[in-house]
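Those protein sequences? They're chains A and S, same order as listed. So the first sequence is numbered by my numbering: it starts at 1 and just counts up by one. So the second sequence is numbered by my numbering: it starts at 1001 and just counts up by one. Worksheet for the structure shown next.
2 protein chains.
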Amino acid sequence: LASQSTEATVVLRENGKMREKSLTMDTLNPQVKAVEYAVRGPIVTKAGDIERGLQQGQKHPFTEVIKANIGDSHAMGQKPITFLRQVVALCSFPELLDSSSFPEDAKQRARRILQGCGGQSLGSYSASQGVDCIRQDIAVYIEQRDKGVPADWDNIYLTTGASDGIVSILKMLVSGQGRSRSGVMIPIPQYPLYSAAISEMEAVQINYYLDEDNCWALDINELHRAYQAAKEHCHPRVICIINPGNPTGQVQSKKCIEEVLHFAYEENLFVMSDEVYQDNVYSPDCQFHSFKKVLYEMGPEYFNTVELASFHSTSKGYSGECGFRGGYMEVLNLDLEVKAQLVKLLSVRLCPPVSGQAAMDVIVNPPLPHEPSYLQFHKEKRAVLGALAEKAQMTEQILNTVPGIKCNPVQGAMYAFPRIFIPPRAVEEAMSLGISPDMMYCLRLLEETGICLVPGSGFGQREGTYHFRMTILPTTEKLKVLLEKLRDFHIKFLKEYASLEEPKR
Amino acid sequence: LASQSTEATVVLRENGKMREKSLTMDTLNPQVKAVEYAVRGPIVTKAGDIERGLQQGQKHPFTEVIKANIGDSHAMGQKPITFLRQVVALCSFPELLDSSSFPEDAKQRARRILQGCGGQSLGSYSASQGVDCIRQDIAVYIEQRDKGVPADWDNIYLTTGASDGIVSILKMLVSGQGRSRSGVMIPIPQYPLYSAAISEMEAVQINYYLDEDNCWALDINELHRAYQAAKEHCHPRVICIINPGNPTGQVQSKKCIEEVLHFAYEENLFVMSDEVYQDNVYSPDCQFHSFKKVLYEMGPEYFNTVELASFHSTSKGYSGECGFRGGYMEVLNLDLEVKAQLVKLLSVRLCPPVSGQAAMDVIVNPPLPHEPSYLQFHKEKRAVLGALAEKAQMTEQILNTVPGIKCNPVQGAMYAFPRIFIPPRAVEEAMSLGISPDMMYCLRLLEETGICLVPGSGFGQREGTYHFRMTILPTTEKLKVLLEKLRDFHIKFLKEYASLEEPKR
């Protein structure tokens, strides 16, 4: 009882009185306790332990851990885009503006960004919404992307990665108690930032299921079902869409987006469209349609009314600059007073990292055909996106050769989310261990092969189905090794737990 | 009613049904509405408007706006520390590692940081706690700062500026309902991040007043008073201290820190010590004592039990790198399970900006005497801190020559928080306008002189007293102009509202 250890929650003071810890699992904010975030969950912790063990000479049935758990391109060997890094380096150390080893277009970008910074320094706070000229560049970019649909830089907010923007908008929307508590519609499977933020804010999570049998398409009837059911116990106020999909890799059709927007219009829902993978479309049959452009094409009655926030990031696309924590959001039709409240909320955290803003600026303002860095920039961009497209196809193909694994086409984003057949005996064993069957599967996979994936249960899936999420980011050679090891593991796993039942394809 | 304007909250659909906005002032999260953040409040917005007006040729009784509202060093002309920017540039564009124009010690730092990054790229996510080797460097720095008090890098977490760490720790600590709701003790005057976070989390704010008549010292009796009073209606769980003080500029004595820690020990309080100004001590009679070192010197019964989180940042000190959003926190005696929960909470936001982490690394790991950048680094550091010390003294001296203004010594940090006498007739006028008297004062000051300060009411002050916060960051020449204009304005203001009463000194 009277221990001095930091692990004891109660110690005896010299005066004989008890000193309890202020912060224990019992007194911890229950909303924090409720948060789950599988992308960096127990599997990843274990992978780190194994990696350290390997370095210290521990024996494992493999020589390296292959991390396919997180969309972290550079960690998997993708090289930074030279032009982007040149601009950031110039902004960071402006003496380089005099160096002849930097191209003029990179210098021009850096000068423009620094002009927009207080004291012409990346070290100044920017306005909470971000540097003005970067917001202007983003608006121009969006107009071009959306073939002339007007974009007002007053509606652009730089963010600390897309996550920060998503959490800020959700925070605005959560209110009410009991049956009038805000409900947030999210796809299942989803990216667990959404469920984590909803838990933390004690909002109501409303699941709408994507249609696995139809390439993870969003089914409007399912939206209606989920909405009607939720209305019984909460106030649905916002619908979140991830397009291209994370973890599911699908690209939404224009028709589907129209249906979602019509639904949001009819039901007074705020639309949050997570479009961080807008540059990651691989399937020749698919095309990225921004929610904003589709809304515009539906006519002014829609375009002037539906409240929409769209999110983008430096972390994905062809640049993969996760560490810079750059991103932006564009908001449409936000009430003016609410907008002032949003700025106030953002201002408490002062501003997004300015070097991340600079990185964002390069992504929306890349070299033009007449500029010196144009050729190299496009060569690098094409190389990244080409390799990703190739790996997307290879992943789907190899996975679909494995009995008991079924993988939808990876149309976009950076992930496959295949369905895996887990034999009933393995399901029983997992249940008896108190873990989800796909968690057991992924743990065994990690221990036996060194491959680190995230169980489907971390993203949500239909009851009784099992999946994992894997990134397509390892190099082509490593990805091939990964997929082959995975195939062998899966076949062995099926055999080990074989029962009379046939594995389903 | 059937307007198409984005400002209308209700529109008529084509089918004749009403479409309401989802997000209005009525449906906005009330906790967001309750947030106040004066440092970027209405005065600052107005200053921006005036600045734009000046650029467009509007006439004002001045030619430039002088912003002394925010601790934004570079925006006020302070130059970045060369060595820090060299390291960040090298990390951003590693091809520069081959350039002969960068010193070897900067290259060595950059190589070490990149070694710690996935794929050796600043563009990878780091672990949620930050890059391992940077955490290790921080632990070494803390041990040196605290003359050998042990620091474990497992207790170090990189953050997105200090604000992010402060909000994360507070979030862990907030729980309970009604009388068992968590209470957070904060100094008054305070830095409004605290009150904003407390509002947002619906915790209970417990004010303890700093002693203005005693150089804004923290009075232990006042702590007891505030605590006992608060216990009646909430569960006080945490005490926040800002040392050196923001907005008040005092530096706490070792004795005072001991008293606070003893109090926290006795009352089972979690201690949050905001020490972002630890390098900003100007008064020769004052010295920075970290809460951790003082706790250590109180003996193992204290050092092994009191839960302490200490915060630091790249934004202040001599580097003033606000835009990089770098920072760290060190936690002591955190329950191990709670620690895992903290990591989980941080992991939802993935990681702090890696370039900010790199900047933090340079601050804790500056050039050593035998290294090539040593002399220049120390020359630059001394120049910044020397100028700040000079401006701290000048600010206090000039302000104290003005009748009706009384300014405590600016012992540390970057701010003066002088008390201003506002004549009763002016107070009445402000009340009739529905604004606080110091807000009216600062608005008039801005309109008449172009000087942008923050009213004391944004930080909290004893009822019936009025203050403003001003930074000491403008260049010496500009600061002198500012102080003289302020003096003239104040004298004119007193005259204008003169009554029979004498202004108090």
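Here a beta-carbon is modelled for each residue, glycine too, at the ideal position from N, C-alpha and C.
Considering residue 1403 of chain S, what are the terminal residues of the alpha helix (DSSP H) in which it resides?
Taken as a continuous stretch (DSSP letters only), residue 1403 of chain S belongs to no alpha helix (DSSP H), as it is neither H nor E.
For residue 1478 of chain S, does the three-state DSSP call read helix, strand or coil?
helix
Contact with chain S by residue 109 of chain A, beta-carbon distance below 7 Å:
no
Could you pull out every residue in the same chain whose Cβ sits closer than 8 Å to the Cβ of residue 1115 of chain S, ignoring the five residues on either side in sequence?
A distance below 8 Å between beta-carbons, with the five flanking residues on each side excluded, links residue 1115 of chain S to the following residues of its chain, in chain order: 1133.
Are at least three pairs of beta-carbons, each pair with one atom in the region 371–382 of chain A and one in the region 143–151 of chain A, less than 8 Å apart?
no
Near-chain A residues of the region 1222–1233 of chain S - C-beta to any C-beta below 7 Å:
Listed in sequence order: no entries.
Is there at least one Cβ from chain A nearer than 7 Å to residue 1028 of chain S's Cβ?
yes
If you measure from the beta carbon of residue 7 of chain A to each beta carbon in chain S, is any gap under 7 Å?
Any answer about residue 7 of chain A is weak, because its pLDDT of 49 lies below 50 and its placement is not dependable; what the coordinates show is given next. For residue 7 of chain A, the answer is yes, since a Cβ of chain S falls inside 7 Å of its Cβ.
From the DSSP output, which residues share a beta bridge with residue 328 of chain A?
Residue 328 of chain A is bridged to A:158 and A:312.
Per-residue burial, residue 1368 of chain S [other beta carbons within 10 Å of its own, 16 or more giving buried]
exposed
Any beta carbon from chain S within less than 7 Å of residue 417 of chain A's own beta carbon?
no
Distance check for residue 72 of chain A and residue 1125 of chain S, CA to CA, integer angstroms please.
6 Å
Use the C-beta contact count for residue 488 of chain A: other C-beta atoms within 10 angstroms, 16 or more gives buried, fewer gives exposed.
exposed
Going by alpha carbons, who is nearest to residue 320 of chain A out of A:121, A:380, A:336 and A:158?
A check of alpha carbon separations from residue 320 of chain A across A:121, A:380, A:336 and A:158 identifies A:380 as the nearest.
Does the region 436–443 of chain A come into contact with the region 35–46 of chain A, if we say contact requires no fewer than three beta-carbon pairs (one atom in each stretch) closer than 8 Å?
yes
Distance check for residue 270 of chain A and residue 263 of chain A, CA to CA, integer angstroms please.
11 Å
On the premise that residue 347 of chain A lies in contact with residue 121 of chain A, defined as a C-beta separation below 8 Å, what is that separation, rounded to the nearest angstrom?
Residue 347 of chain A and residue 121 of chain A do not touch by the CB rule: their CB atoms are close to 20 Å apart, not below 8 Å.
Proximity to residue 411 of chain A [Cα-Cα], best of A:389, A:202, A:97 and A:345:
A:389
Please list, in chain order, the residues of the region 1087–1101 of chain S that have any C-beta partner in chain A closer than 7 Å.
1088, 1089, 1092, 1093 and 1096
Specify whether the region 162–174 of chain A and the region 315–333 of chain A touch according to this definition: at least 3 beta carbon pairs, one from each stretch, less than 8 Å apart.
yes
Residues near residue 1109 of chain S by beta carbon distance below 6 Å, same chain, minus five either side:
1087
Length at least 4, wholly inside the region 366–444 of chain A: the alpha helix (DSSP H) runs in chain order
374–399 and 424–433
Judging by CA-CA distance, which residue of S:1173, S:1096, S:1104 and S:1246 is the nearest neighbour of residue 1460 of chain S?
S:1246
Neighbour flag for residue 1484 of chain S against chain A, beta carbons, 7 Å:
no
Bridge-paired residues (DSSP) for residue 205 of chain A
According to DSSP, residue 205 of chain A shares a beta bridge with A:184.
Closer than 9 Å, Cβ to Cβ, to anything on chain S: give me those residues from the region 113–146 of chain A, in chain order.
117, 118, 119, 120, 121, 122, 123, 124, 125, 126, 127 and 128
Residue 1273 of chain S in three-state terms, based on DSSP:
strand
Whole beta strand (DSSP E) runs in the region 1193–1238 of chain S with 3 or more residues, listed along the chain?
1204–1209
Between the alpha carbons of residue 1252 of chain S and residue 1350 of chain S, how many angstroms are there, rounded?
35 Å
Distance check for residue 402 of chain A and residue 198 of chain A, CA to CA, integer angstroms please.
36 Å
Am I right that residue 78 of chain A and residue 473 of chain A are in contact with their C-beta atoms under 8 Å? What's the rounded C-beta distance?
7 Å
Residue 1250 of chain S and residue 1226 of chain S look like a contact to me (Cβ under 8 Å); what is the Cβ gap, rounded to whole Å?
Actually they do not touch by this definition, with Cβ atoms about 18 Å apart.
Backbone secondary structure at residue 1094 of chain S - three-state DSSP
helix
Can you name, in chain order, every residue of its own chain whose Cβ lies under 7 Å from the Cβ of residue 1207 of chain S, other than the five neighbours on each side?
1186, 1188, 1226 and 1460
Chain S beta carbons: is any one of them nearer than 7 Å to that of residue 23 of chain A?
With respect to chain S, the C-beta atom of residue 23 of chain A has a partner C-beta closer than 7 Å.
Distance cutoff 7 Å, beta carbons only. Does residue 1446 of chain S sit that close to anything in chain A?
no
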